[in-house]
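Residue numbers (the UniProt record's numbering), protein chains in the order written: chain G, 1 to 538; chain Z, 1 to 466. Where is the CB? At the ideal position from N, CA and C, for every residue including glycine. A quick note: this is a predicted structure, and the numbers were derived from the prediction, not measured.
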Amino acid sequence: MAHIEMDPQRWKQEVLKKYPKKVAKKREKSIVVHDGAEVLQKIQANVRTIPGIITQRGCTYAGCKGVVLGPTRDIVNLVHGPIGCSFYAWLTRRNQTLPPTPESENFMNYCFSTDMQDSNIVFGGEIKLKQAVREVFEIFKPKSIGIFSTCPVGLIGDDVHAVAREMKEELGINIFGFSCEGYKGVSQSAGHHIANNALMKHVIGLRDEAPKGKYKVNMLGEYNIGGDAFELERIFEKCGLTLISSFSGNSTIEQFERAHMADLNVVMCHRSINYVAEMMEKKFGIPWFKVNFIGAEATAKSLRKIAEYFGDQELIDRVEEVIAEEMVIVKKELEVIYPHTQGKLAMMFVGGSRAHHYQELFTELGMSTIAAGYEFGHRDDYEGRRVIPTIQIDADSRNIEELTIEADETRFNPRITEERKAELESKGCGFNDYEGMMVDMAKGALVIDDLSHYEMEKLIEAYHPDVFCAGIKEKYCVQKMGIPLKQLHSYDYGGPYAGFGGAVNFYKDIDMIVNTSIWKMIKAPWEAEPVIEAEFAV
Amino acid sequence: MTGAIKNTGTWASTRNACKLCAPLGASIVFKGIKGCVPMIHGSQGCATYIRRYMISHYKEPVDIASSNFSEETTIFGGRANFSTGVDNLVAQYQPEVIGIASACLSETIGEDIHGFIREYRAANRNKPLPEFVHASTPSYQGSHMDGFHHAVTATVSALARKGKTGGHINIFPGFISPEDIRHLKDILSDFGIPYVLFPDYSDTLDNPHWKEYQLIPEGGTSVGELKLTGSAKVSIELGYVFQQGRYKDSLKGNQKFQTAAEWLRQAYDIPFYKGGLPIGLKETDRFFKVLEDISGKPTPERHLRERGRLIDAYVDGHKYHFGKRAVVFGEEDLVIGIVSFLEEIGIETVLVASGGASGKLKAAIDTVTGGKRKHMLVMNEMDFEGINEITDELKPDIFIGNSKGYYISRRMGKPLVRVGFPIHDRFGGQRVQHIGYKGTQQLFDRITNALIEYKQEHSSVGYKYI
């Protein structure tokens with residue numbers, strides 16, 4: 001199918017025309033046509049969605065309970081609120097976990113709620129909450145209980161933190177609360193931050209013991225969707241790296257408690273977990289850098305970076321061996337699939353990092369990403385962390401507590417010297433940095449933050465990509481338009497897609513979905529009628 | 001971890017809920033109005049979660065707008081967000097109707113949504129405006145079924161107009177599948193009865209592939225039809241429970257809720273017939289009898305033959321189910337229909353459970369079973385862990401309910417036949433049939449085959465005849 005190329009600037013103008021003036025003015029800043037210049041353009045992000053615009057975004061509670069704490073199997077997550085919030089976050093993110101034995105604790109399948117009713121709203125829900133905490137304890141005797149607040153909790157003034165403290169005292173286990181009411185921030189992102197803060201305050205650093213190992217690493221911002229973490233664990237083990245903790249795919253509370261015993265933090269999803277990385281460096285002296293294990297080349301690059309950090313020739317050699325071995329399989333698969341996918345177009349609007357990471361995989365398939373954006377990213381996820389000092393703090397961001405972290409009196413231990421850090425920097429280790437998505441995108445690509453439903457339809461109408469990546473909310477709209485949609489939240493229940501094995505899975509899945517015969521049977525609307533607006537791209 | 005949590009008694013917490021929230025029910029109803037876009041007045045997460053949930057079941061585009069409350073809105077009120085939201089919906093969708101469901105947030109701060117609608121209308125007097133329907137649906141009042149029935153009544157009471165009594169009837173079938181709605185429409189057409197069916201999401205939530213993308217999917221009960229509900233000669237309402245019961249712990253407990261048919265009788269003197277969901281022979285016969293009375297015609301041949309085939313299947317299949325034990329869970333009116341049907345085919349329901357809190361389930365079940373089953377456990381306000389705790393002792397052979405009960409059936413190693421909502425671990429949840437002779441036949445075949453499959457898989461000999 002020939003792609004009709006519309007000048008992206010013109011696309012933008014036409015889309016904005018349909019909006020009421022005020023809306024157009026606001027959306028204008030969130031839609032950027034990449035000009036290819038070295039100095040990246042500014043994009044508006046992490047601002048409130050305009051009412052009545054159908055958004056991909058969820059709420060603060062979703063980011064806190066669903067994303068960051070959801071994948072930890074031995075914390076019982078108790079939702080304080082009416083029933084819906086708890087029900088909708090019940091096993092919906094499809095993060096996997098692997099308890100060591102069938103009898104081991106795994107509470108991820110349970111959906112606990114205080115199921116607030118009228119009378120709790122009027123007279124307060126703290127008594128019911130306490131009772132629910134006692135019940136959770138009585139049933140499971142867990143090591144830890146997290147209490148998550150939903151919208152009405154903040155309004156009626158229930159103090160979940162006080163309840164948590166009281167119950168912690170009474171029951172003798174670690175219990176902590178999250179003020180993650182849905183209205184708190186502009187998106188899930190606020191919830192991530194709240195979750196990060198609580199982990200730092202209540203969990204990380206509780207246990208000063210770590211498994212033996214030469215190269216001790218924490219993996220931050222990896223949520224084990226579709227078994228990604230299992231593939232990464234396999235690769236780490238093969239390379240001889242010791243994974244101390246994972247935030248939070250396939251994780252346990254014990255791992256979090258001893259996370260400060262690691263010597264390096266590697267960050268996958270920058271948006272959801274960079275706060276923990278920064279705070280752990282300040283408190284314990286553990287450096288962090290960004291990695292990406294989505295894409296075979298990206299995985300190899302990230303492994304090399306880790307090996308370089310430890311600087312041990314034995315590790316460097318081992319990593320090279322592993323890469324060489326794994327790449328044989330990857331290349332063999334790619335040889336078959338590449339001719340089917342080469343030259344095809346992709347768009348992706350998902351997450352706070354995924355829309356960047358997955359571009360690597362499409363590049364490996366010879367496909368180009370002509371439009372991308374995040375659901376809940378901030379400017380630094382687009383333009384790189386260097387813009388952080390210039391980001392305006394608005395009322396919504398001020399809502400979220402900024403913890404003041406100081407070096408731990410006894411346990412602060414800079415893992416590498418400043419000189420060594422500088423040396424590694426010069427080799428491209430990029431400590432405390434993330435360059436963002438835009439730097440990796442081509443001139444003329446559209447970068448759109450918080451894509452609206454309407455903009456999505458217009459994108460497809462104008463560019464008819466071969467695959468559109470988003471989530472289930474968008475899936476059937478896009479497919480009604482005759483374009484396959486790949487879910488990058490749940491992986492359409494496939495995966496893993498991380499690491500070398502994951503890359504191969506992804507190649508196969510994309511080959512299948514872009515080339516399946518059904519797309520030939522249904523005629524896309526623009527194939528029936530000539531598109532008069534067709535133009536050449538700049 | 002496997003195994004049920006062993007501890008019975010009353011619980012403050014809800015553990016694996018067997019119900020969803022009220023604005024979800026209202027959103028489904030609003031999707032059954034032609035040209036309608038639902039909007040949830042509250043936090044944006046509500047709209048996102050509800051869309052996500054409906055889409056995973058119906059596998060269709062589901063656009064639900066939100067007034068996107070922030071902390072500031074929560075403090076100062078949502079008036080501005082409401083009107084911006086409506087402005088944007090009108091500009092993008094040109095909807096005929098905007099269905100507004102309130103969420104916990106807006107209800108707790110006491111938003112006057114009716115007032116906002118009045119103000120919006122007044123401020124935009126010169127523009128063509130959509131109709132507005134508002135249902136009050138905080139999640140802390142009841143379940144998704146409360147939201148559903150509230151929205152049905154809210155829509156009818158907002159749009160029905162008095163007129164000279166026509167030849168048409170109203171039919172309010174409750175929460176059934178799109179396939180069920182289509183079948184119901186076929187039945188009414190076969191009888192030659194003019195009707196207004198509401199809510200009709202048979203197309204909007206189960207559309208064919210489109211030639212051109214439709215911003216608002218076609219289908220639904222039109223405003224014109226909804227106006228006519230006020231001049232119908234009779235209303236038929238399917239269900240025994242609705243939500244006219246009390247809410248658990250509700251302060252509004254004494255306030256009597258009116259169903260759409262009750263409201264129409266009070267407002268416009270339209271008589272109504274109320275009966276259970278036509279699942280199984282007895283309840284379907286009763287429903288067809290009503291249609292015969294209304295139309296003055298005998299049941300059309302096609303349906304008589306379907307009925308005959310169903311009886312024939314009951315006879316042929318009895319060896320597979322007689323004496324089998326079932327656990328049934330889901331919405332109250334659905335489980336009542338299922339239990340009534342299971343009684344007919346000799347399957348003993350050992351537990352029927354619902355997250356609904358009407359307190360009327362027991363009485364309704366006794367009505368449909370004639371009170372014969374003295375040992376049947378009938379439980380309102382149940383959650384899945386409540387079911388899980390007592391399942392071992394009940395020794396069921398089969399589970400009948402939605403996907404959320406899968407973990408119990410998996411633990412027990414017994415089949416789950418999926419009915420109701422949500423079904424997100426099987427394909428075609430929107431096309432599952434439950435009602436009429438035809439729907440019962442489908443249900444019958446599925447249940448029978450689940451039992452046969454179980455027997456076959458657990459046989460030491462690989463029988464092909466069974």
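Sorted by chain position, which residues of the same chain lie with C-beta nearer than 8 Å to residue i's C-beta, five sequence neighbours on each side aside?
| i | result |
| --- | --- |
| Ser302 of chain G | Val266, Val291, Asn292, Phe293 |
| Ala89 of chain G | Tyr61, Ala62, Lys65, Gly66, Gly70, Val79, Cys111 |
| Glu281 of chain G | Asn265, Pro287, Trp288, Asn432 |
For a cutoff of 8 Å on Cβ pairs, would you count residue i as touching chain G?
| i | result |
| --- | --- |
| Tyr247 of chain Z | Reliability of the predicted coordinates at Tyr247 of chain Z is poor, the pLDDT of 49 falling under 50, and the value obtained from them is presented with this limitation in mind. True, the Cβ-Cβ gap to chain G drops below 8 Å. |
| Ala26 of chain Z | no |
| Val133 of chain Z | no |
| Asn68 of chain Z | yes |
| His209 of chain Z | yes |
| Glu60 of chain Z | yes |
Give every residue of the same chain whose Cβ lies closer than 6 Å to the Cβ of residue i, excluding the five residues on either side of it in the sequence, and list them in chain order.
| i | result |
| --- | --- |
| Glu105 of chain G | Asp74 |
| Asp433 of chain G | Arg385 |
| Leu281 of chain Z | Glu344 |
| Phe107 of chain G | Val76 |
Quick check on residue i: buried or exposed, where buried means 16 or more other Cβ atoms within 10 Å of its Cβ?
| i | result |
| --- | --- |
| Glu455 of chain G | buried |
| Gln96 of chain G | buried |
| Met441 of chain G | buried |
| Asp35 of chain G | exposed |
| Met512 of chain G | exposed |
| Val352 of chain Z | buried |
| Cys18 of chain Z | buried |
| Gly323 of chain Z | exposed |
| Ser251 of chain G | buried |
| Glu331 of chain Z | buried |
| Leu361 of chain Z | buried |
| Ala232 of chain Z | buried |
| Asn109 of chain G | exposed |
| Gly428 of chain Z | exposed |
| Phe272 of chain Z | buried |
So residue i and residue j are in contact, right, with Cβ under 8 Å, and what is the actual spacing, rounded?
| i | j | result |
| --- | --- | --- |
| Phe412 of chain G | Pro287 of chain G | Their Cβ separation, rounded to whole angstroms, is 13 Å, which puts Phe412 of chain G and Pro287 of chain G out of contact at 8 Å. |
| Phe362 of chain G | Ala355 of chain G | About 11 Å; that fails the 8 Å criterion. |
| Ala12 of chain Z | Lys128 of chain G | 5 Å |
| Asp397 of chain Z | Leu451 of chain Z | 7 Å |
| Gly436 of chain Z | His183 of chain Z | 5 Å |
| Thr221 of chain Z | Phe198 of chain Z | 4 Å |
| Glu306 of chain Z | Gln441 of chain Z | 7 Å |
Would residue i pass as an interface residue toward chain Z - the criterion being a Cβ-Cβ separation below 8 Å?
| i | result |
| --- | --- |
| Pro51 of chain G | yes |
| Ile337 of chain G | no |
| Cys151 of chain G | yes |
| Gly58 of chain G | yes |
| Ala132 of chain G | yes |
| Arg165 of chain G | no |
| Pro20 of chain G | yes |
| His453 of chain G | yes |
| Leu155 of chain G | yes |
Skipping 5 residues on each side, what residues in its chain have a beta carbon closer than 7 Å to that of residue i?
| i | result |
| --- | --- |
| Pro298 of chain Z | Glu292 |
| Lys227 of chain Z | Leu159, Ala160, Arg161 |
| Asn505 of chain G | Gly494, Gly495, Pro496, Tyr497 |
| Leu251 of chain Z | With a pLDDT of 49 at Leu251 of chain Z, under the threshold of 50, the predicted position of this residue should be treated as unreliable, and no value is reported. |
| Gln342 of chain G | Gly366 |
I want to check one thing, is the minimum distance from the CB of residue i to the heavy atoms of the ligand MN below 7 Å?
| i | result |
| --- | --- |
| Phe82 of chain Z | Absent from the structure shown: the ligand MN. Ligands present: none. |
What ranges does the alpha helix (DSSP H) occupy inside the region 337-371 of chain Z, keeping only unbroken runs of at least 4 residues that lie completely in it? 361-369
Quick one: which unbroken beta strand (DSSP E) runs of 3-plus residues sit fully inside the region 17-83 of chain G? Chain order, please. 31-33, 75-80
Within the region 357-441 of chain Z, ranges of the beta strand (DSSP E) (whole runs, at least 3 residues): Those beta strand (DSSP E) runs which fall completely within the region 357-441 of chain Z and span 3+ residues are 377-379, 398-401, 416-418.
I'd like the ranges of any alpha helix (DSSP H) spanning at least 4 consecutive residues and lying wholly in the region 67-141 of chain Z. Complete alpha helix (DSSP H) runs here, min 4: 71-76, 79-93, 104-108, 113-123.
Secondary structure, beta strand (DSSP E): runs of 3+ residues fully inside the region 265-298 of chain Z: 272-275
Quick one: which unbroken alpha helix (DSSP H) runs of 4-plus residues sit fully inside the region 217-272 of chain G? Chain order, please. Runs found: 228-239, 253-257.
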